[in-house]
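Visitor: Residue numbers for the sequence shown, in my numbering: 88 to 249. Virtual Cβ for every residue (Gly too), placed ideally from N, Cα, C. Here it is: the structure, laid out below.
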Amino acid sequence: MTPGRRQGRVRPGRRGWAAWWRADDGSVAAEVTIAAPFLVMLLVFVGVVIHRGVDARIRIDDAAHQAARAASIERTPTAATAAAQSTAASALSSAGVTCASLSVSTSTGGLRPGGTVSVTVSCAVDFGDALILGVPGGKTLSATSVEPVDLWRSTLNTGSQT
88 MTPGRRQGRV RPGRRGWAAW WRADDGSVAA EVTIAAPFLV MLLVFVGVVI
138 HRGVDARIRI DDAAHQAARA ASIERTPTAA TAAAQSTAAS ALSSAGVTCA
188 SLSVSTSTGG LRPGGTVSVT VSCAVDFGDA LILGVPGGKT LSATSVEPVD
238 LWRSTLNTGS QT
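Here's what the structure looks like:
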């Protein structure tokens with residue numbers, strides 16, 4: 088410790104902003120009272136935006152599952168692709184997910200018994216309508232689901248015997 092100086096004390100004669108800044112006259116309570124509502128609002132705002140993204144992700148996963156299931160019970164690859172497209176769009180619409188662009192990619196593998204059908208749903212979600220304040224931008228979310236084609240299902244009769 089330096090001789091002649093006491094630690095933690097302000098030298099006499101110091102005035103202005105430095106003295107005001109170092110003075111603690113109970114202003115913390117007033118500052119917290121003013122700042123706390125804004126911090127709580129910010130926390131709620133972030134929570135709503137995160138919830139919106141997680142909810143959209145879950146809904147898109149479900150739409151991909153429903154679309155893959157609908158495609159796996161069809162008899163032709165063309166019908167399977169159409170069923171996957173309409174089922175995914177319907178599932179997202181009924182779940183309240185608005186896609187700026189919706190893409191449904193279907194891989195049927197010929198719909199052979201014992202095979203699989205894979206459906207990938209991609210949705211560009213806009214977070215701007217999440218709150219009145221709006222959130223800039225959006226994100227493209229995608230989900231893939233694979234469903235088996237029933238091993239014991241009947242196949243189309245093409246007139247040939249194998």
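Looking only at C-alpha atoms, which of Ala122, Arg144, Ser180, Thr195 sits nearest to Glu234?
Guide: Thr195
Visitor: Please say whether Ser190 and Thr231 have beta carbons closer to each other than 8 Å?
Guide: In this structure, Ser190 does not lie closer than 8 Å to Thr231 by Cβ.
Visitor: Confirm, please, whether the CB-CB distance from Cys210 to Leu228 is below 8 Å.
Guide: In this structure, Cys210 lies closer than 8 Å to Leu228 by Cβ.
Visitor: Name the residue from Arg156, Ser188, Ser192 whose alpha carbon lies nearest to the alpha carbon of Val208.
Guide: Ser192
Visitor: I'd like the list of long-range same chain contacts for Val184, defined as Cβ closer than 6 Å, with 5 residues on each side in sequence excluded.
Guide: Sequence-distant partners of Val184 (beyond 5 residues in either direction) whose C-beta falls short of 6 Å from its own C-beta, in its chain, are Ala143, Arg146.
Visitor: Between the beta-carbon of Val236 and the beta-carbon of Leu179, is there less than 8 Å?
Guide: no
Visitor: Taking only three categories from DSSP, how would you classify Thr174?
Guide: The answer is helix: DSSP assigns Thr174 an H, G or I state.
Visitor: Of all the beta strand (DSSP E) runs that stay within the bounds of the region 144 to 194, which reach a length of 3 or more residues?
Guide: Counting whole runs of 3 or more residues, the region 144 to 194 contains the beta strand (DSSP E) stretches 186 to 194.
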